[in-house]
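*Asks:* Once you've had a glance at the structure underneath, I'll fire off some questions.
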Amino acid sequence: MSTETAEKTEVKKPAEALLSKRRKKLISDPLVDDNPITIQVLGICSALAVTTQMKPTLVMALSVIFVIVMSNLTISIMRNTIPTRVRIIVQLAVVATLVTLVNEILKAFAYDMYKELSVFVGLIITNCIVMGRLEAFAMGNKPYDSILDGFGSALGYSWIILAVAFFRELWGSGTVFGIPVFETISSWFGEDFSLATNGLMVSPVGAFIILGLIIWVQRTKTGYVEH
Amino acid sequence: MQQSNTYIITFSVILTVVLGFLLSGTSQLLGPIQKEAVALDTKKQILGAVMDAEKIAAMKPNEIKEYYENTISSKVVNIKGEEVTEQEGAAVTAETVDVAKNYKKPADERLYPVYIYHEEGSEDKVVAYILPLYGAGLWDAIWGYLALKTDLNTIEGVTFAHAGETPGLGARITTGDVQSRYEGKKIYDESGELVAVEMQKGEGKDYSGDEHKVDGMSGATLTAKGVNNMFVNYLGAYESYLEKVKGNS
């Protein structure tokens, strides 16, 4: 199914045709075969911006999971009452409200994180994955399915940005979650030995390279080809 | 489906009201906690001018508050360097002065907070004078804290913060790498004239021989200009206060 459905995704409405009864697929599909970042190439902006370190990336991932799941649920519950002519605005209002909530909560309880992520939390509103799932799925499906679908897509987004952040932090700063890995390894080999960090990984260019490599590996495995 | 205009308008109104209540409710609920977070962050920035960033990062919120209480005494002065304790009948303390709001007033009407960093518990043993700075960067406000050693000339350290500078370019003013360039620089020249410290255009040159210049940030010349203006404006405003302190000691 990988080639056919993935292609359709690029064009318009993603995988909902083969939703059938197997809800597991709702979650597992976006992880690899229909990954929002590597296959649909959505949400790249934040994938580049917040991934220099694992910690902010994790917060970003959790925020996105919260926003996608909750907006999918809300829109799905309201789907039969939403007037079709203003549905995009309604979706936008719901997403914007949720994002503002996340932002306010971060500001109150994790101010340093709030400063670090700054504008990128607000930009979840414009993350195409969110609106994409609402339009393509939540508008036409029951709440429970929508939660699963949202969770799957958000997870697909999250693991990619976490993977990118892992390599960028490791190679760029020599740490993982702030724990000095390079230093420890260097110390095993005595005084003179030290692993060098790569400054390129700290800049957005590093994210492009890592993301490119992930997409390469993944497409080699799944045989997905873009036309 | 229901498509009449009345339906759409009613739906939109209800949605707006519900979401509006939700948002204003959250804001009301979280407001005090956020205020506290901002106050703590300001304390961190003030201490950041005289302490290592790692050291502050390792401290818990109440440790920071306690350390701040024990080491910082503050006052408010006006442009003539006179201490201000009340304004329009209300008591004035450095912590309640909003530098951003004061920035909008003419320079001679502003209130200028001063934070005096002293050894723990003994207010007489002053280590540094910390002055807030405020100005405009390229996109939005930038601000910072400048710590002067007791000679009121040598820079002990600076912290900068910004509201919306470009990540990776102007936003680099928040990094220790850029801030440490100011350490040891002097704000007065040999004749006693206030010249401040100027961040240069371009990056990678060595300015260690020049007491009034620091290396610039590549690609962020306009932010650097904002930083320079902020130094000139605020040091100018604090000049009479600095003179007064010098005269007393």
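So the protein sequences, as listed, match chains A and B.
The numbers in the first sequence follow numbering that gives the first Met the number 0, run straight up by one, and end at 226.
The numbers in the second sequence follow numbering that gives the first Met the number 0, run straight up by one, and end at 248.
The beta-carbon is built from N, C-alpha and C at its ideal position, and this holds for glycine as well.
On a predicted model such as this, the values are computed, not experimentally measured, just so you know.
Answer yes or no: do Gly205 of chain A and Thr51 of chain A have a C-beta to C-beta separation smaller than 9 Å?
*Replies:* By one-based count along the first sequence, residue 205 of chain A stands at place 206. By one-based count along the first sequence, residue 51 of chain A stands at place 52. Yes, they are a contact pair.
*Asks:* Please list the residues of the region 82–95 of chain A that have a C-beta atom closer than 9 Å to any C-beta atom in chain B, keeping them in chain order.
*Replies:* Listed by position along the chain: Pro82, Thr83, Arg84, Val85, Ile88, Val89, Ala92, Val93 and Ala95.
*Asks:* For Pro35 of chain A, which residues from the same chain have a beta carbon less than 7 Å from its beta carbon, with the 5 sequence-adjacent residues on both sides left out?
*Replies:* For the purposes of this step, residue 35 of chain A is taken as the residue at position 36 of the first sequence. Once the five neighbours on either side are set aside, the close Cβ partners of Pro35 of chain A are Pro29, Leu41, Gly42, Ile128, Ser152, Gly155 and Tyr156.
*Asks:* Could you name the residues that DSSP lists as bridge partners for Ile115 of chain B?
*Replies:* On the second sequence, residue 115 of chain B is found 116 positions in, with the first residue counted as 1. DSSP, once it has assigned bridges, lists B:Ser72 and B:Tyr128 as partnering Ile115 of chain B.
*Asks:* List the residues of chain A whose Cβ lies closer than 9 Å to the Cβ of Ile32 of chain B, in chain order.
*Replies:* Counting from 1 along the second sequence, the entry for residue 32 of chain B is found at position 33. The contacting residues are Lys106, Ala107 and Phe108.
*Asks:* Candidates A:Ile74, A:Thr99 and A:Val98: which alpha carbon is nearest Val89 of chain A's?
*Replies:* Within the first sequence, the letter at position 90 stands for residue 89 of chain A. Cα-wise, what sits closest to Val89 of chain A is A:Ile74.
*Asks:* If we require 4 or more residues per run, which alpha helix (DSSP H) segments fall completely within the region 137–213 of chain B?
*Replies:* Runs of the alpha helix (DSSP H) inside the region 137–213 of chain B: 175–178.
*Asks:* Classify Thr92 of chain B as buried or exposed, calling it buried when 16 or more other Cβ atoms lie within 10 Å of its own Cβ.
*Replies:* Numbered from its first residue, the second sequence carries residue 92 of chain B at position 93. Under this definition Thr92 of chain B is an exposed residue.
*Asks:* Tell me Thr174 of chain A's beta-bridge partners as DSSP assigns them.
*Replies:* For the purposes of this step, residue 174 of chain A is taken as residue 175 along the first sequence, with counting starting at 1. Answer is A:Pro179, bridged to Thr174 of chain A.
*Asks:* Could you give the DSSP three-state label for Gln86 of chain B: helix, strand or coil?
*Replies:* As a position in the second sequence, residue 86 of chain B is number 87, starting the count at 1. Residue state, collapsed to three classes: strand.
*Asks:* Using a Cβ cut-off of 9 Å, pull out every chain B residue sitting near Ala265 of chain A, in sequence order please.
*Replies:* The displayed coordinates of chain A run from 0 to 226. Any statement about residue 265 of chain A would go beyond what the structure contains.
*Asks:* Restricting to runs no shorter than 4 residues, where is the alpha helix (DSSP H) found entirely within the region 144–168 of chain A?
*Replies:* You should have found no qualifying run.
*Asks:* Is Glu108 of chain B helix, strand or coil by DSSP?
*Replies:* In the second sequence, residue 108 of chain B corresponds to position 109, counting from 1. Glu108 of chain B falls in the helix class under three-state DSSP.
*Asks:* Rounded to whole angstroms, what's the CA-CA distance from Lys184 of chain B to Leu91 of chain A? Just pull it up for me.
*Replies:* Looking up residue 184 of chain B in the second sequence gives position 185. Looking up residue 91 of chain A in the first sequence gives position 92. Distance between the alpha carbons of Lys184 of chain B and Leu91 of chain A is about 51 Å.
*Asks:* Return the residue from the list B:Gly218, B:Gln44 and B:Ser121 that minimises the CA-CA distance to Ala171 of chain B.
*Replies:* Stepping through the second sequence from its first residue, residue 171 of chain B is reached at position 172. The identity of residue 171 of chain B in the sequence shown is Arg, whereas the question assumes Ala. The shortest C-alpha separation from Arg171 of chain B is found at B:Gly218.
*Asks:* Along the region 190–204 of chain A, where does the CB come closer than 8 Å to a CB of chain B? Name the residues.
*Replies:* So the close ones are Ser202 and Pro203.
*Asks:* Taking DSSP as the reference, what is the three-state secondary structure of Pro13 of chain A?
*Replies:* For the purposes of this step, residue 13 of chain A is taken as residue 14 along the first sequence, with counting starting at 1. Low per-residue confidence applies at Pro13 of chain A: pLDDT is 49, beneath 50, and the placement is therefore not dependable, though the value from the model is reported in the following sentence. In this structure, Pro13 of chain A counts as coil in the three-state DSSP scheme.
*Asks:* What residues from the region 2–14 of chain B come within 8 Å of chain A, judged by C-beta to C-beta, listed N to C?
*Replies:* Those residues of the region 2–14 of chain B that come within reach of chain A (Cβ to Cβ, closer than 8 Å) are Gln2, Tyr6, Ile7, Phe10, Ser11 and Leu14.
*Asks:* Going by other Cβ atoms of all chains shown within 10 Å of its Cβ, with 16 needed for buried, is Thr37 of chain A buried or exposed?
*Replies:* Numbered from 1 along the first sequence, position 38 holds the residue referred to as residue 37 of chain A. Thr37 of chain A should be labelled buried.
*Asks:* Run through chain B and tell me which residues come within less than 9 Å of Leu100 of chain A, C-beta to C-beta.
*Replies:* Translated into the one-based positions of the first sequence, residue 100 of chain A becomes position 101. Result: Leu21, Leu22 and Thr25.
*Asks:* When burial is assigned at 16 or more other CB atoms within 10 Å of the CB, is Glu115 of chain A buried or exposed?
*Replies:* Position 116 of the first sequence, counted from the start, is the residue given in the question as residue 115 of chain A. Answer is buried; the Cβ neighbour count reaches 16.
*Asks:* Based on the DSSP secondary-structure assignment, which residues constitute the bridge partners of Ala135 of chain B?
*Replies:* Position 136 of the second sequence, counted from the start, is the residue given in the question as residue 135 of chain B. In the DSSP output, where bridge partners are listed per residue, Ala135 of chain B has B:Ala140.
*Asks:* For Leu100 of chain A, count neighbouring C-beta atoms within 10 Å of its own C-beta (all shown protein chains included) and say buried if the count is 16 or more, exposed if not.
*Replies:* Within the first sequence, residue 100 of chain A is the residue found at index 101, counting from 1. So Leu100 of chain A ends up on the buried side.
*Asks:* For chain B, find out if any of its Cβ atoms is closer than 9 Å to the Cβ of Thr174 of chain A; answer yes or no.
*Replies:* Translated into positions along the first sequence, residue 174 of chain A becomes position 175. No, because no Cβ of chain B sits closer than 9 Å to the Cβ of Thr174 of chain A.
*Asks:* Where does Lys103 of chain B land, buried or exposed, given buried means 16+ other C-beta within 10 angstroms?
*Replies:* The residue you call residue 103 of chain B lines up with position 104 of the second sequence. Label assigned to Lys103 of chain B: exposed.
*Asks:* What residue range does the alpha helix (DSSP H) around Thr196 of chain A cover?
*Replies:* Within the first sequence, residue 196 of chain A is the residue found at index 197, counting from 1. Element bounds for Thr196 of chain A: n/a, residue is neither H nor E.
*Asks:* Rounded to whole angstroms, what's the CA-CA distance from Gly203 of chain B to Ser121 of chain B? Just pull it up for me.
*Replies:* Here residue 203 of chain B is taken as the residue at index 204 of the second sequence, counted from 1. Here residue 121 of chain B is taken as the residue at index 122 of the second sequence, counted from 1. Roughly 42 Å between the two C-alpha positions.
*Asks:* Tell me whether the beta-carbon of Tyr133 of chain B lies closer than 9 Å to the beta-carbon of Leu147 of chain B.
*Replies:* By 1-based counting over the second sequence, the position of residue 133 of chain B is 134. By 1-based counting over the second sequence, the position of residue 147 of chain B is 148. It is not a contact, given that the beta carbons lie outside the stated cut-off.
*Asks:* Pick from A:Ser117, A:Arg167 and A:Trp170: whose alpha carbon is nearest that of Ala249 of chain B?
*Replies:* Because chain B in this structure spans residues 0 to 248, residue 249 of chain B falls outside the shown range and cannot be described.
*Asks:* Can you say whether Tyr143 of chain A is buried or exposed, counting buried as having 16 or more other CB atoms within 10 angstroms of its CB?
*Replies:* As a first step, residue 143 of chain A is located in the first sequence; it is residue number 144 there, counting from the start. By the 10 Å Cβ count, Tyr143 of chain A comes out exposed.
*Asks:* Taking the alpha-carbon positions, what's the Met50 of chain B to Val196 of chain B distance?
*Replies:* In the second sequence, counting from the first residue as 1, residue 50 of chain B sits at position 51. In the second sequence, counting from the first residue as 1, residue 196 of chain B sits at position 197. Between Met50 of chain B and Val196 of chain B, the C-alpha separation is close to 20 Å.
*Asks:* Any beta-carbon of chain A closer than 9 Å to the one on Val16 of chain B?
*Replies:* If you number the second sequence from 1, residue 16 of chain B lands on position 17. Chain A contact via Cβ: absent.
*Asks:* Using alpha carbons as the reference points, say which of A:Val58, A:Trp215 and A:Glu168 lies closest to Val201 of chain A.
*Replies:* Mapped onto the first sequence, residue 201 of chain A falls at position 202. Taking only the C-alpha atoms, the option nearest Val201 of chain A is A:Glu168.
*Asks:* Whole angstroms are fine: how far does the CA of Ala135 of chain A sit from the CA of Ile26 of chain A?
*Replies:* As a first step, residue 26 of chain A must be located in the first sequence, where it is residue number 27. As a first step, residue 135 of chain A must be located in the first sequence, where it is residue number 136. Taking the straight line joining both Cα atoms gives about 15 Å.
*Asks:* Nearest by alpha-carbon distance to Leu105 of chain A: which of A:Val58, A:Ile124 and A:Trp158 is it?
*Replies:* In the first sequence, residue 105 of chain A corresponds to position 106, counting from 1. Checked all of A:Val58, A:Ile124 and A:Trp158; the closest Cα to Leu105 of chain A is A:Val58.
*Asks:* Taking the alpha carbon of Val213 of chain B as the point to measure from, which residue in B:Leu234, B:Arg180 and B:Val12 has its own alpha carbon closest?
*Replies:* Along the second sequence, read from residue 1 onward, the residue named residue 213 of chain B stands at position 214. For the residues B:Leu234, B:Arg180 and B:Val12, the minimum Cα distance to Val213 of chain B belongs to B:Arg180.
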